[in-house]
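Here is the structure we will look at, set down as structure tokens.
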Amino acid sequence: MIIAPTTIPYVGSLFLLILIFALPRFAEIEEEIFRRGTPNWKSGFIRSVVFGLIHCTAGVSIGIGLALSVAGLWFTYQYFKGGVKRSTAYHAAWNLSIITLFAVFLLTA
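To convert, take the position in the sequence shown, counting from 1, and add 9; that gives this note's numbering.
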């Protein structure tokens, strides 16, 4: 018999806590892969679409993946303004905002 981790007391909360601390590193890795070395907006657009669609491998729909391409364009803009450190900071803030909204939703549902 398989037991979902969220049915075990506190496992879901522990997972969210670990995820919150890991998200900035995940953002850094994604920025290194998708933004570093981007020479112009044409390349930035292509990389942003790939960035959005790669999230489909985590189970998000194509529509959400394409919507995440818009976030990728915002991170590309930040990259052009201040490099990978700046785009990583914005990406990490985005990730933490999303996970915070998700946690609030779970706690109030």
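In this text, a Cβ means the ideal position worked out from N, Cα and C, and glycines have one as well.
The model shown is predicted, which means the values in this text are computed figures rather than measured ones.
Look at Leu-82 and Gly-74 and say whether their C-beta atoms are less than 7 Å apart. Going by C-beta atoms, Leu-82 is not nearer than 7 Å to Gly-74.
Rank Ala-118, Asn-104, Ala-112, Thr-117 by C-alpha distance to the C-alpha of Pro-33 and give the top, closest one. Comparing alpha carbon positions, the residue from Ala-118, Asn-104, Ala-112, Thr-117 closest to Pro-33 is Asn-104.
Between the segment 38-47 and the segment 80-98, do at least 3 Cβ pairs fall closer than 8 Å? Touching, yes.
Tell me, to the nearest whole angstrom, how far the beta carbon of Val-59 is from that of Phe-43; I am working on the premise that it is less than 8 Å. Taking C-beta atoms under 8 Å as the contact rule, Val-59 and Phe-43 qualify, at a distance of about 7 Å.
Anyone know if the C-beta pair for Glu-41 and His-100 falls short of 7 Å? Contact: no.
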